[in-house]
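In my numbering, the protein residues as written are 0 to 197.
What follows is a single structure, written as structure tokens, with notes after it.
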Amino acid sequence: MLLYDCGNTNIKCYENGKVTHVDDFDEVNPFYYINVNPKIKDFKNGIDLAPYFKLKTEYKGMGIDRVAACCSIDDGVIVDAGSAITVDVMHHGVHEGGFIMPGISAYKESLANISTVLKFDIDYDINLEKLPQNTHEALNFATFKSPYLMIKEVSKNRKIYFCGGDGELFSRYFKNSVYKKDLVFEGMKKVIMEIESC
């Protein structure tokens, strides 16, 4: 089964349990896909899964990648930490709402745009419990602590499911969490099974 997840920054391909980043679609073989990138148009051998997802929600304008991830979880908080960080709450199969904030790289770029003095390398082992004592630590602290606090506030005692490029990093800071890199693809596979069973 060949699946594509076309995000704002990358195209990810899922084939036989393996995920790779690609620049283009395989037009030879039939495939399923979801797409949030307006620059990417329909492809002749592809089946767009977007119309087949049925998510119970009052949220308007939700990206299909978020829908796919939410459809794979009945209860919990889904955090897709990519170029943007999306946070969605699922309760008994119903989407209760969610929000979007900048991803880690977007925080980094925005600070560098303020001043060249604020350019920094991301520290993947930052202490979020101790106030920083230098600028490098201060920039990393604020970059991670902001989304951390938002996720912590909305999650309460719920289980958190992380995915996305920075999902594994964030999952380290939450005891009640799991990193599931293929969460979007799990939602896609689930809807394909529902289509094929009809």
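Ideal Cβ placement from N, Cα and C applies to all residues, glycine included.
Distance, residue j Cα to residue i Cα
| i | j | result |
| --- | --- | --- |
| F42 | E128 | 48 Å |
| L2 | L138 | 37 Å |
| D165 | G45 | 29 Å |
| P146 | Y106 | 10 Å |
| N9 | F24 | 12 Å |
| L182 | F119 | 30 Å |
| L54 | K180 | 21 Å |
| G96 | V18 | 28 Å |
| K40 | Q132 | 49 Å |
| A141 | Y160 | 23 Å |
| T56 | V66 | 10 Å |
| K38 | I113 | 29 Å |
Top-ranked residue by Cα proximity to residue i, from the options
| i | options | result |
| --- | --- | --- |
| F173 | G96, E193, V183 and F143 | F143 |
| I150 | S196, E136, S170 and D124 | S170 |
| L158 | Y178, P146 and L148 | Here residue 158 turns out to be Lys, not Leu, going by the sequence shown. When only C-alpha atoms are compared, the closest one is Y178. |
| P29 | K38, D22, V21 and E14 | E14 |
| E136 | A49, D181 and Y123 | Y123 |
| P101 | A49, T85 and S114 | T85 |
| G16 | M192, K189, F184 and S196 | F184 |
Distance between beta carbons of residue j and residue i, contact taken as under 8 Å
| i | j | result |
| --- | --- | --- |
| M89 | D73 | 6 Å |
| D79 | C162 | 5 Å |
| D47 | C69 | Incorrect: roughly 18 Å between the Cβ atoms, too far for contact. |
| G81 | G6 | 6 Å |
8 Å Cβ cutoff met for residue i and residue j
| i | j | result |
| --- | --- | --- |
| I125 | I103 | no |
| A111 | I99 | no |
| D64 | V35 | yes |
| Y58 | H91 | no |
| Y32 | I194 | no |
| V76 | S154 | yes |
Review point. In chain order, which continuous runs of the beta strand (DSSP E) of length 3 or greater are located wholly inside the segment 113-177?
Key: Those beta strand (DSSP E) runs which fall completely within the segment 113-177 and span 3+ residues are 159-162.
**Study point:** Every unbroken alpha helix (DSSP H) within the segment 47-88, with a cutoff of 4 residues, ordered by chain
**Key:** Runs found: 63-70.
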